[in-house]
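Note sheet for the following structure.
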Amino acid sequence: MLQVQFIRENKQTVLDGLAKRNFANAETIIEEVLTADETRRATQVSLDTILAESNKISKEIGGLFKSGKVEEANQLKAKTGELKEQSKQLTEELNSAAEKLNELLYQIPNVPHPSVKAGKNEEDNEEVFKEGIVPDLGENALPHWELAKKYDIIDFDLGAKITGAGFPVYKGKGARLQRALINYFLDKNTAAGYNEVQVPHLVNEASGFGTGQLPDKEGQMYLVTGDDLYLIPTAEVPVTNMFRGDLVKEADLPIAVTGYTPCFRREAGSYGAHVRGLNRLHQFDKVEIVRVEHPDNSYNALNGMVEHIKEILRELKLPYRILRLCGGDTGFTSALTFDFELYSTAQERWLEISSASNFETFQANRLKLRFKNKEGKSQLVHTLNGSSLALPRVLAGILENYQTENGIKIPEVLVPYCGFDMID
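Going by the working numbering, 176 is the number at position 173 of the sequence shown; the sequence numbering is gapless.
Structure follows, in structure tokens:
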């Protein structure tokens, strides 16, 4: 969440940024935040004053008893009782004021980076890079869901039988290609300096709040009601929460972590032809990269993440483009996001396969994740994350773009991982 001090000192900047996002009633909620903060600070001052007076009187009482002035001491003791009641009431008021302030802050999205343009939705995103050759597959090109059935490598009906729609079963060479992609992505990430971890696939409520999925995306997450745990929508949640509450050493920055997990999303409200096959699933595999950075270096790190994902797509020889998201399409927690999309030749449309985002201090403030700067003061870090990559649409792109009359070729870089060079 945003820091109150930042809002107080940069009110117009915050309002201008929220306007880029089309955030409704921004001025009203910002005023409510500032009023709630004034109440909290004033209550804190009153409480501190009473506690200081109480401590002073307590010392005086001890001196009076030593001097034999029992009556005066008892009079002061009666006053400390009154002060104790006042401090108890003020503590309750302070807690209530802090809770109200947090409730307001949780509703406010991050302020976009200055390079983010205003816009309403994905139609207003900016294409900033494009690379790769779109193959000419001819009129007989098939979409991936038909290829999956033809070569018996992904069974959507069987998944629906076991669980429901959006839970496919990968079979034979399809399963091996899926595993090959996971291993390839992890190897690329670890070679680039990311430390590999395996994390839980369930998280508690505090973790959901820490990275901003709660309360913003609560309706899209699967809740295990008996235990109040959530199935993870992305490895970003458990990986970033590894550092929740930490005071890291400046010398240890940057921290770079990668992890593979299945991901679970309800995708409520998703329907239509664009969600067919692997285009949108309730369970899918993804390899994530997460960075904890010094604020001075976070945008250099974001550029590095973008270049890293580019290298993977170049090796896979898939046509792709990069979009800088507009304010209206930027995620709740992000200050700047670049989306990667690959071109699905058979579907004749772009498919999102990765996002690389800088959250600046937004997540770190929720996580209470800090480092000690050179002056010895605690300072919030910047957090970043990216998909490298989400598997379903990458797999869909490989199946469609590498199809031939004789079968589906395997990208050269994946052949050592698969142990075969053709699905036929």
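From the three backbone atoms N, C-alpha and C, an ideal C-beta is built for every residue, glycine too.
Select from Tyr173, Leu256 and Ala144 the residue whose C-alpha is nearest the C-alpha of asparagine 350.
Position check: residue 350 holds glutamine in this sequence, whereas asparagine was assumed. Taking only the C-alpha atoms, the option nearest glutamine 350 is Ala144.
N- and C-terminal bounds of the beta strand (DSSP E) containing cysteine 449:
Residue 449 lies beyond the range of the chain shown here (4 to 427); nothing can be said about it.
Looking only at its own chain, which residues have a Cβ that is under 7 Å from the Cβ of arginine 268, when we skip the five neighbours before and after it?
Gln223, Pro236 and His285
Please classify leucine 321: does DSSP put it in a helix, a strand, or coil?
It is coil, neither helix nor strand.
Contact under 8 Å by Cβ, arginine 396 with isoleucine 356
yes
What are the boundary residues of the beta strand (DSSP E) that includes valine 290?
286-296
Decide if the region 178-194 is in contact with the region 293-310; the criterion is three or more beta carbon pairs, one per stretch, under 8 Å apart.
no
Given 8 Å, three or more beta-carbon pairs between the region 206-222 and the region 307-318:
no
Any idea what DSSP makes of serine 337, helix, strand or coil?
DSSP places serine 337 in coil when its eight states are reduced to three.
Kindly give me the distance between the Cβ atoms of glycine 262 and glutamate 296, rounded to whole angstroms, as I take these residues to be in contact under 8 Å.
18 Å between Cβ atoms; not a contact.
Neighbourhood of serine 381 by C-beta distance below 8 Å, restricted to the same chain and skipping five residues each side:
Leu250, Arg373, Phe374 and Lys375
For serine 358, count neighbouring C-beta atoms within 10 Å of its own C-beta (all shown protein chains included) and say buried if the count is 16 or more, exposed if not.
buried
Quick one: what does DSSP say phenylalanine 212 is sitting in, helix, strand or coil?
helix
In the DSSP assignment, what are the bridge partners of tyrosine 109?
Looking at the DSSP assignment, tyrosine 109 forms no beta bridge with any residue, so it has no partner.
Can you tell me where the alpha helix (DSSP H) with glycine 331 in it begins and where it stops?
That residue, glycine 331, is in no alpha helix (DSSP H); it is neither H nor E in DSSP.
Who are the near neighbours of threonine 264 in its chain, counting only those whose CB is closer than 7 Å to its CB and skipping five residues on each side?
Val202, His204, Ile235, Ala238 and Lys289
With distances taken from CA atoms, which of Phe159, Lys220 and Val48 is nearest serine 90?
Val48
Considering Cα atoms alone, identify which of Arg369, Leu150, Leu398 and Phe287 is closest to asparagine 409.
Leu150
Would the beta-carbon of glutamate 88 fall within 8 Å of that of glycine 169?
No, the Cβ-Cβ distance between glutamate 88 and glycine 169 is not below 8 Å.
Use the C-beta contact count for asparagine 58: other C-beta atoms within 10 angstroms, 16 or more gives buried, fewer gives exposed.
exposed
Which residues does DSSP list as the beta-bridge partners of glutamine 382?
Phe374
Quick check: the Cα distance between aspartate 332 and isoleucine 111, rounded to an integer number of angstroms?
Straight-line Cα distance between these residues: approximately 15 Å.
Provide the residue(s) that pair with glutamate 130 in DSSP beta bridges, ordered along the chain.
Beta-bridge pairing links glutamate 130 to Leu326.
Taking a contact to mean a Cβ-Cβ separation below 8 Å, would you say valine 172 touches aspartate 158 in this structure?
yes
Throw me the rounded Cβ distance for the isoleucine 32 and leucine 107 pair, which I believe falls under 8 Å.
6 Å
Using CA coordinates, which residue listed in Ala101, Leu37 and Glu314 is at the minimum distance from lysine 1?
Nothing can be reported for residue 1, as the shown portion of the chain is limited to 4 through 427.
Output the distance between the C-alpha atoms of leucine 316 and isoleucine 426, rounded to the nearest integer angstrom.
20 Å
Among the residues of its own chain, which have a CB less than 7 Å from the CB of leucine 50, if the five just before and after it don't count?
Ser90, Leu93, Thr94 and Leu97
Leucine 394, enclosing beta strand (DSSP E) - first and last residue
No beta strand (DSSP E) contains leucine 394, which is instead part of the alpha helix (DSSP H) from 394-404.
If you follow the alpha helix (DSSP H) that glycine 177 is part of, which residue opens it and which one closes it?
For glycine 177, the enclosing alpha helix (DSSP H) begins and ends at 176-194.
Taking the continuous alpha helix (DSSP H) assigned at asparagine 124, which residues delimit it?
Careful: asparagine 124 lies outside any alpha helix (DSSP H) and carries neither H nor E.
Just reading off the alpha helix (DSSP H) that alanine 151 is part of, what are its end residues?
147-153
Classify aspartate 158 as helix, strand or coil using the three-state DSSP reduction.
strand
Can you tell me which of Asp19, Arg283, Ala100 and Gln406 puts its alpha carbon nearest to the alpha carbon of threonine 42?
With distances taken between Cα atoms, threonine 42 lies closest to Ala100.
Simplified DSSP assignment, three categories, for arginine 43:
helix
Residues in the same chain with beta-carbon distance under 7 Å from aspartate 230, minus the five sequence neighbours each way, listed in chain order, please.
none
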